Every structure is written in structure tokens, then in C-alpha cells.
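Participant:
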Amino acid sequence: MQQPVLFTLALAASSAVIAQDNPRPSQQDQAPGFIEGSHLDLNLRHYYSNQHTQRDTYLSIKKPDGIERTRVRETWVQAGMLKYSSGYTQGLIGLGVDAALFSAVNLERGHGRVANGGDRVLVDSDGDALPTWSRLGIGDVRLRLSNTELKAGRLMTDNPVLRYKDNRALPSSFQGVGLYSNETDWLALQAGSFDRAIPRTGTGSERLTTTFGNRAYSGERISYLGATVKPGPGLEGSLYASRFENMWDQYYLGLIHRAGDKNQLALKTAFNYYHTRDQGQQRLGYIDNDALSLAVTGSHQAHSLTLAWQQVFGNEYFDYVWESTGNYMANSLYSDYNGPNEKSWQLRYDLDFAAYGVPGLSASLWHAKGWDIDGTHYDGDRNGRNRGYNVRGLDGAKHNENGLMLAYVVQSGRLKDAVLRTIVYNHRASGGQIDGSYDEFRLVGNFPFNLF
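Going by mature numbering (1 follows the signal peptide of the UniProt record, and there is no 0), the letters in the sequence shown line up with residues -19 to -1, 1 to 433, in that order.
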């Protein structure tokens, strides 16, 4: 899937939709102007995490005479995300720009407390936390025809194969070109081609690597084309095709069905499937992997109960691009439950306290378990290929986690839409499962302000 072919297909599909009867009014026809439509927003994020390892899991502290093991890591960061978005110029084709400066102040700078290098905060070569760091998180030029946008620059992509990651003080983004078309209520198209990642704890861009594979190997770019269709009430389907050049081709199918009324009983069924095969120079070796999940959620008034099953068919991890969460599988929690040949299930309960007189307060409680992780049959390095996945030592590995999340969204006043979220979880692994054994407490506050 070469880049010119991808965008030719995407633009042709968009033009075909525009040519049809268009039930959605053209946003470009209503463009107020470049300056008139501008706005400046600030999101202040306070991020705190306290993590303790258990069993045979340890973190590391870099010392002059070597590495010292530790069981505690503390992260405490105050971050700010200042984003300017212009309006679109008037006319048939509109022009606009976005620019966002991401900055962070590291409140916990103890050499031993931050532990494990730059996994959660930015550190120097000696492992010392930097007091502050900043970067251009978003910076793009955009064109719009009707309800179809073309953006070039640094973007926060959001789709099943490349979705920005936002589980730290600052989110990631990607550098490239993206196309977004929403010409009708029943069809949305996305296409993109990206060649660099802007990491969560970094000040610049880096090459594209993988999350679970050998990160010594990288691909030139990831390109994708996808569509989401809503053929009727309660039905939704998504289909994406992507190429991570010289690494893999990956295809995604997602189906959602909703029925009923939660005042009585509502049911949501979600099916997700990924099919991944090696591509080009096979820099991660041979890959032959299928991953699927099925989740059923029943909702009655304030209560929701979800039961999910997930399974990986293949002798390597179900994988995605590093610094993304290109994973719509049901059991993507603290762990992704994506080990070779892994089976997993999840039980989750959600409660909306608005029904009990506390609008904005919600709670989620979950338990998940994965087992039968087996990489002993891995042969992706046959015929002299690179060993992309270090999994041969996994034989019957298993793990489980329990989690509780409380969230409150401020309903009115100057802090309206501010979100306070706390998460407590534990994860226990055995047999070399990659995520280890941890207890963790996180407290995250997001305080958004519209400056103009």
C-alpha cells in the first residue's frame, strides 16, 4: 500500500460521497473565517502515580557503579497543553492551522524515586529527572472541502491502527499526513501516512518502532485507509487496512450492535479482529498473527455489566506501533492480554452516580485473567530473518489484574468539564509474562480553560 495509491483511493472515495445527495450540511460553506473562527485552549494536567513491584518484578536505578534494584517508583508531574486552532478561510476550499505547545514540570526529581529511566518522565543519560521539558505536540496545516479535511504536520491520530497514547503527563502524537471525510451521516473515511512519532516523555521526534517487538528495528512509515459505516439504527462497522513498511501488513474489522433502552435493558455487542502478516524486508522476521475479542455489555439504568473474551492465534505478540494504542481489543487494560496464543476474559462493572443524585461521578470495577501464553513454537527467525519477538521462554505463562477507577466531571462553574480521576489496580504475572507484578495508585486531574 504505497502512499500515493492510498491517498488516491481515499480522495476518490471522498469525491464519490460528495457527489451523492449530501444529507449533512457543508461545514466549509459555514466557515466564519481564519481569525473569526480562532480559539485558544489550555488544559492543565496534574499527574501523580505511586507504583510498587511485587514477586520477582523489580525496577532499576542507574548508579555510577552499576544498576541498583528497587521496588518503588513515584511520578509527580504538572503539565500544560496550550493549543491554538484557527478557523477556516472562506471559499470553496478552506485553509486553517493548529499549533499546540506541550510542557511539563517534574515535581518529583529524586534520582531513586523516578526509577527505570525515561519510562514516565524525561531523564538525562545519568538517569536524573529533568526539571522541565517542552515540545511542539501538535502543528499542522489543514485544508477543507465541504466536510473533508486534509491535515499535514504533527497530529493526534485516532483510529484502530494508529491512536495517540494518553496515559502519562503528556500525550503522544505522530508526524505525517491525515485525511478525514464525513460527508454523510452513515459513512466516515480516514486515511493517513506517518513516518515519525513524538513520544510522551520526549522533546523531539523518533523513528517508528513496535510496542512488543525488537525495538532495534524500525519501519519507514505506517499508512492506512479505513471506513466506518452506520447502515442502520444500532449497527456500526469499521474496516481498516494498513501497512507498516518493511514490518507488517495489518487489517482490522470491528462490528458493534446496540439494542434496547437502558431504562429497561440495553445490550451492546462488540467484536474486534486484527489480522497481521509480515511485509517487505520482514525486519521483525516472519509474522503470522490473528487476534479477536468479543464483549457483551448489559445496561440497566445506572448499572452496566460487561463480559469479554479475547484470544490470540499466533506464536508472537499481537503488536502495534510504539507510542500508539492501536488496539481496540476488549481486554486492553493495564495489560493488553496479547501474548502468543493467549486466552483471556474480563468481567467489568460500571456505575453512573447521576441516578443517585451525584451527576458527574462514575465508577468502574474490573477483573481480568489471561493464560496459556505459549511462545515455544516461535519460528519467525527462520531462514536467517531477524528474531523480532523474544517469546520462546513463555510456556504456560499467565497473569491477572483487578482495578477500580473513580472519576468526577465538574458540572458547572469556572471549572466546568474539569475531570478528576483516580485508579487503583494490582497485576500479578507468572512464567515470564511481560507486564510483571505491580500495585499502583494514580491520581490525574485535567482542568480545561477556553482563553478565547
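Glycine is no exception: its CB is placed at the ideal position from the N, C-alpha and C atoms.
In this text the structure is predicted, and so the values were computed from the model without any measurement.
(1) If you compare alpha carbons, which of ARG177, VAL372, ALA178, ASN163 is closest to THR209?
(2) Per DSSP, which residues does THR287 bridge with? Please list them.
(3) Taking 7 Å as the threshold (beta carbon to beta carbon), is SER66 in contact with chain B?
(4) Indicate the three-state DSSP secondary structure (helix, strand or coil) for ASN24 in the structure shown.
(5) Provide the residue(s) that pair with SER66 in DSSP beta bridges, ordered along the chain.
(6) Spatial neighbours of THR77 within its chain, please: C-beta separation below 6 Å, excluding the five flanking residues on both sides.
(7) Compute the distance between the beta-carbons of PHE193 and TYR298, then report whether it is under 7 Å.
(8) Just checking my contact of TYR205 with ARG264 at CB under 8 Å: how many whole Å lie between their CB atoms?
(9) Give me the Cα-Cα distance between VAL425 and THR38, rounded to the nearest whole angstrom.
(10) Tell me, to the nearest whole angstrom, how far the beta carbon of LEU314 is from that of ALA349; I am working on the premise that it is less than 8 Å.
(11) Under 7 Å between the Cβ atoms of ASP242 and ALA283?
(12) Beta-carbon within less than 6 Å of PHE83's beta-carbon, same chain only, minus the 5 sequence neighbours each way: which residues are those?
(13) If you draw a straight line from the C-alpha of ASP2 to the C-alpha of SER127, how long is it?
(14) Any idea what DSSP makes of GLN11, helix, strand or coil?
(15) Determine the burial state of LYS397: buried for a count of at least 16 other Cβ atoms within 10 Å of its Cβ, exposed for fewer.
(16) Considering only C-alpha positions, which residue in the set ARG423, PHE428, PHE433, ASN322 is nearest to TYR28?
(17) Could you give the C-beta distance for GLY377 and ASP355, rounded to a whole number, given that I count them as a contact under 8 Å?
(18) Between which two residues does the alpha helix (DSSP H) containing VAL95 stretch?
(19) Can you tell which of GLY75, TRP114, GLU382 has its C-alpha closest to the C-alpha of LEU88?
(20) Span of the beta strand (DSSP E) holding LEU375?
(21) Can you round the beta-carbon distance between LEU40 and ARG54 to whole angstroms, since I take them to be within the 8 Å contact cut?
(22) CA-CA distance, ARG5 and PHE433?
(23) Do you know whose CA, among GLY47, VAL58, SER411, lies nearest ASN148's CA?
(24) Enumerate in chain order the residues of its own chain whose CB-to-CB distance from TYR301 is below 6 Å, with the five nearest sequence positions on each side excluded.
(25) Quick one: is ALA96 buried, meaning 16 or more other Cβ sit within 10 Å of its Cβ, or exposed?
(26) So, with DSSP's three-state summary, where would you put PHE193?
(27) Evaluate contact between the stretch 287 to 297 and the stretch 314 to 331, counting only Cβ atoms and requiring at least three cross-stretch pairs below 8 Å.
(28) Can you round the beta-carbon distance between GLY215 and ALA251 to whole angstroms, since I take them to be within the 8 Å contact cut?
(29) Classify ASP259 as buried or exposed, calling it buried when 16 or more other Cβ atoms lie within 10 Å of its own Cβ.
(30) Where does GLN280 land, buried or exposed, given buried means 16+ other C-beta within 10 angstroms?
(31) Let me know if PRO45 comes out buried or exposed under the rule of 16 or more other beta-carbons within 10 Å of its beta-carbon.
(32) According to the Cβ coordinates, are ARG329 and TRP352 closer than 7 Å?
(33) Could you tell me which of HIS33, VAL405, GLY218 sits nearest to SER345, measuring between CA atoms?
(34) Who does PHE294 pair with in a DSSP beta bridge?
(35) So VAL400 packs on ALA388, CB below 8 Å; how close in whole Å?
(36) Identify, in the order they occur along the chain, each residue of the same chain with its Cβ nearer than 7 Å to the Cβ of VAL391, setting aside the five sequence neighbours on each side.
Facilitator: In terms of the structure at hand:
(1) ASN163 is the residue among ARG177, VAL372, ALA178, ASN163 whose C-alpha sits nearest the C-alpha of THR209.
(2) The partner list for THR287 (beta bridge, DSSP) reads THR278, ARG329.
(3) In the displayed structure, chain B is absent; only one protein chain is listed.
(4) Reduced to three states, the DSSP call for ASN24 is strand.
(5) HIS20, ASP79
(6) In the sequence under discussion, the amino acid at residue 77 is Gly, which differs from the Thr named in the question. Closer than 6 Å at Cβ, skipping near neighbours: SER67, TYR69, ARG123.
(7) yes
(8) Not a contact, Cβ separation roughly 19 Å.
(9) Straight-line measurement puts the Cα of THR38 at about 25 Å from the Cα of VAL425.
(10) 6 Å
(11) In this structure, ALA283 does not lie closer than 7 Å to ASP242 by Cβ.
(12) MET62, ARG116, GLY118, LEU151
(13) The pLDDT assigned to ASP2 is 49, lower than 50, so where the model puts this residue is not dependable; a value taken from the coordinates is nonetheless given after this. Near 13 Å, if we compare the C-alpha coordinates of SER127 and ASP2.
(14) In the structure shown, GLN11 falls within a helical segment according to DSSP collapsed to helix, strand and coil.
(15) exposed
(16) ARG423
(17) 7 Å
(18) 92 to 95
(19) TRP114
(20) Element bounds for LEU375: n/a, residue is neither H nor E.
(21) 5 Å
(22) 28 Å
(23) VAL58
(24) THR192, GLY307, ASN308
(25) buried
(26) coil
(27) yes
(28) So it is not a contact: roughly 12 Å between Cβ atoms.
(29) buried
(30) In the sequence as presented, Gln is not what sits at residue 280; that position holds Ser. Classification of SER280: buried, given that the 10 Å Cβ count is 16 or more.
(31) That one is exposed.
(32) no
(33) VAL405
(34) ASP271
(35) 6 Å
(36) GLY341, LYS397, ASP398, ALA399
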